[in-house]
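Enquirer: Attaching a single structure in structure tokens format; questions to follow.
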Amino acid sequence: MIHQPMKKLSIGLLLFVAAFTTFLFTSCDSNSGVSSIEVRFQVTFPEFYAQTFAENAEVTLTSIERNETTSLTTDENGFAVFTELIPGRYDIRAERVLTAEQAFELTGTAEEATLSVSESNVNLTESTGDPILLQLRGSVLGNFVFKEVYFTGSKTPAGGNYFNDQFHEIFNNSTEVLFADGLYIADVFGAAGQINPNTQPTPFQFDQNHVYLNSVWRVPGNGTDHPIQPGESFIIAQTAQDHRNNPDLNPNSPVNLGDADFETYNQRDDDRDIDNPNVPNMERVYFTGGFTWLVPVFGPALVIFRVDDFETLTLEPVPGASPTFPPRVKLPVEFVIDSFEALQNPQSGDFKRLPLVLNPGFVSATGTYTAESARRFTERIIDGRHILRNTGNTAEDFEIIPTPTPRSFD
Numbered sequence: 004m005i006h007q008p009m010k011k012l013s014i015g016l017l018l019f020v021a022a023f024t025t026f027l028f029t030s031c032d033s034n035s036g037v038s039s040i041e042v043r044f045q046v047t048f049p050e051f052y053a054q055t056f057a058e059n060a061e062v063t064l065t066s067i068e069r070n071e072t073t074s075l076t077t078d079e080n081g082f083a084v085f086t087e088l089i090p091g092r093y094d095i096r097a098e099r100v101l102t103a104e105q106a107f108e109l110t111g112t113a114e115e116a117t118l119s120v121s122e123s124n125v126n127l128t129e130s131t132g133d134p135i136l137l138q139l140r141g142s143v144l145g146n147f148v149f150k151e152v153y154f155t156g157s158k159t160p161a162g163g164n165y166f167n168d169q170f171h172e173i174f175n176n177s178t179e180v181l182f183a184d185g186l187y188i189a190d191v192f193g194a195a196g197q198i199n200p201n202t203q204p205t206p207f208q209f210d211q212n213h214v215y216l217n218s219v220w221r222v223p224g225n226g227t228d229h230p231i232q233p234g235e236s237f238i239i240a241q242t243a244q245d246h247r248n249n250p251d252l253n254p255n256s257p258v259n260l261g262d263a264d265f266e267t268y269n270q271r272d273d274d275r276d277i278d279n280p281n282v283p284n285m286e287r288v289y290f291t292g293g294f295t296w297l298v299p300v301f302g303p304a305l306v307i308f309r310v311d312d313f314e315t316l317t318l319e320p321v322p323g324a325s326p327t328f329p330p331r332v333k334l335p336v337e338f339v340i341d342s343f344e345a346l347q348n349p350q351s352g353d354f355k356r357l358p359l360v361l362n363p364g365f366v367s368a369t370g371t372y373t374a375e376s377a378r379r380f381t382e383r384i385i386d387g388r389h390i391l392r393n394t395g396n397t398a399e400d401f402e403i404i405p406t407p408t409p410r411s412f413d
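The sequence shown begins at 4 in the numbering used here and counts up by one.
Below you can see the structure in the form of structure tokens.
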């Protein structure tokens, strides 16, 4: 009899505890007993993309304490809002996968890409009013390309032929800052057409896996000396002079190259080449030319490339040439970053020097010493930045213009 009141008290106590527990867990997080928070993220594309905010990016939070993961997809403004987040330390990752078509719309380069950003051990303890910004990063889309090749030369007032005003303009067609340091440029062995009755196509046409180089030059620098912004370029002049306004040169020349970024000064004992001391010289790596680096005025084939150790490339004798004829540098096509080819006329296709797998097309000027130039087409303009066409086919990518336009598209 004396135990019955205690039994009733135990039941009442249990009911009170159950009610209190229900109240507690409906007011706090059901797992931890801690009030949840709301955290907002906003995901953006890299700086030089056509859009700022990244829609359809996946934002993933991984709790370090509980090893739990939750993910959301961003809206059209790049927002992902986590409304019931338990405070704590998190690893954060945002990712956006681009198809080649999507990458082209955003950057002008049709390459598949995965963009991402990660932050580790971030302490999220309270709700955020302003969003936490996450800017995506990824591999560089695009690279250096030839923007313009002025090879034809010009006529002097006396009707003479003038070729010292040749130049090559290299353009950063990517989404990131690129460094020109260590970039190689070279002309490819072979005639541009039926220049003479006995002229034959290059004997290296059978090899579609290599290009054979006459002379090779390298941009100086320690790796970060020459940054080139996206949409900007640098000029390599044969002779870095104001050709138009120097009476000893050619008043009829269409260009002033006194402000070129580099020149291919060919130092010789007879000092026949002209050196501008105010313009850095390219590094002469291998040379088979005359007193200056003259590319064919009928039309050159050119490549830019990178290689870790130039000395590992082999020298190949020219088939059928004299034993004293200098061998050519044998470069695998996979090292080529960009290429360009011009031939004597539209009927000179049999004289192609670049492998078809590398660059199947070519352009032609109307003649030699015409002051015409070959310039790459602009595919589109993003926030004032030109994106140049790059199909890998000179015939599709370039046009012949009546006068050179160094550092310009006008």
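Quick reminder that beta carbons are idealized off the backbone N, C-alpha and C, glycines included.
Computed from a predicted model, the values in this text were never measured in an experiment.
Distance cutoff 8 Å, beta carbons only. Does D251 sit that close to anything in chain C?
Expert: The chain inventory of the structure shown lacks chain C, comprising one protein chain alone.
Enquirer: Is E104 helix, strand or coil by DSSP?
Expert: Sequence index remark: in the sequence shown, residue 104 carries index 101 (1-based). Correct three-state label for E104: helix.
Enquirer: For E382, I'd like the list of residues in its chain whose CB is within less than 7 Å of its CB, leaving aside the five on either flank, ordered along the chain.
Expert: The sequence position of residue 382 within the sequence shown is 379, counting from 1. Result list for E382: G111, I390, L391, R392, in chain order.
Enquirer: Distance, Cα to Cα, G302 vs L346?
Expert: Working through the sequence shown from its first residue, we reach residue 302 at position 299. Working through the sequence shown from its first residue, we reach residue 346 at position 343. Those two C-alpha atoms are separated by around 5 Å.
Enquirer: Which partner residues of E319 appear in the DSSP bridge assignment?
Expert: As a position in the sequence shown, residue 319 is number 316, starting the count at 1. In DSSP, E319 forms a bridge with R331.
Enquirer: How is D133 classed by DSSP in three states: helix, strand or coil?
Expert: Locating residue 133 in the sequence shown gives position 130, where the first residue counts as 1. D133 falls in the coil class under three-state DSSP.
Enquirer: Looking at C-alpha atoms only, which residue of A97, L334, V143 is the closest neighbour of E115?
Expert: The count along the sequence shown starts at 1 and reaches residue 115 at position 112. Among A97, L334, V143, the Cα nearest to that of E115 belongs to V143.
Enquirer: In the DSSP assignment, what are the bridge partners of S39?
Expert: The residue labelled residue 39 in the question sits at position 36 within the sequence shown. Per DSSP, none; premise fails for S39.
Enquirer: Thinking C-alpha only, which one of N70, S119, Q105 is nearest V62?
Expert: For the purposes of this step, residue 62 is identified with residue 59 of the sequence shown, where counting begins at 1. Nearest C-alpha to V62: S119.
Enquirer: What separation, rounded to the nearest whole angstrom, lies between the Cα atoms of S411 and K150?
Expert: In the sequence shown, the residue the question calls residue 411 occupies position 408. In the sequence shown, the residue the question calls residue 150 occupies position 147. The alpha-carbon atoms of S411 and K150 are separated by roughly 10 Å.
Enquirer: Identify every residue that forms a DSSP beta bridge with D341.
Expert: Along the sequence shown, read from residue 1 onward, the residue named residue 341 stands at position 338. Per DSSP, I307.
Enquirer: Do Y93 and L139 have their beta-carbon atoms positioned less than 8 Å apart in this structure?
Expert: Within the sequence shown, numbered from 1, the residue matching residue 139 stands at position 136. Within the sequence shown, numbered from 1, the residue matching residue 93 stands at position 90. It is not a contact, given that the beta carbons lie outside the stated cut-off.
Enquirer: Going along the chain, which residues of its own chain have a beta-carbon closer than 8 Å to the beta-carbon of S325, five neighbours each way excluded?
Expert: To locate residue 325, count along the sequence shown from 1; it is residue 322. Same-chain partners within the cutoff: there are none.
Enquirer: For Y414, tell me which candidate among F51, A194, S218, T47 has the shortest Cα-Cα distance.
Expert: Outside the shown range of the chain (4 to 413) lies residue 414, about which nothing can therefore be said.
Enquirer: Where does L109 land, buried or exposed, given buried means 16+ other C-beta within 10 angstroms?
Expert: As a working mapping, residue 109 is identified with position 106 in the sequence shown. Answer is buried; the Cβ neighbour count reaches 16.
Enquirer: What is the DSSP secondary structure of F313, reduced to helix, strand or coil?
Expert: Looking up residue 313 in the sequence shown gives position 310. Of the three classes helix, strand and coil, the one that applies to F313 here is helix, per DSSP.
Enquirer: Tell me the DSSP bridge mates of S121?
Expert: As a working mapping, residue 121 is identified with position 118 in the sequence shown. In DSSP, S121 forms a bridge with R96.
Enquirer: Which one of V310, G364, P407 has the shortest CA to CA distance from T394?
Expert: Numbered from 1 along the sequence shown, position 391 holds the residue referred to as residue 394. Ranking V310, G364, P407 by Cα distance to T394 puts G364 first.
Enquirer: Give the secondary structure of G91 by DSSP, where H, G and I count as helix, E and B as strand, and everything else as coil.
Expert: Within the sequence shown, the letter at position 88 stands for residue 91. Reduced to three states, the DSSP call for G91 is strand.
Enquirer: Would you mind reading off the limits of the beta strand (DSSP E) that contains E151?
Expert: Here the question's residue 151 lines up with position 148 in the sequence shown. From DSSP, the beta strand (DSSP E) with E151 extends over 147 to 153.
Enquirer: Should L334 go down as buried or exposed, given a rule of 16 or more other Cβ atoms within 10 Å for buried?
Expert: As a first step, residue 334 is located in the sequence shown; it is residue number 331 there, counting from the start. L334 should be labelled buried.
Enquirer: Among A57, V148, L260, Q45, which one has its Cα closest to the Cα of N281?
Expert: Counted from its first residue, the sequence shown places residue 281 at position 278. Considering only alpha carbons, the answer is L260.
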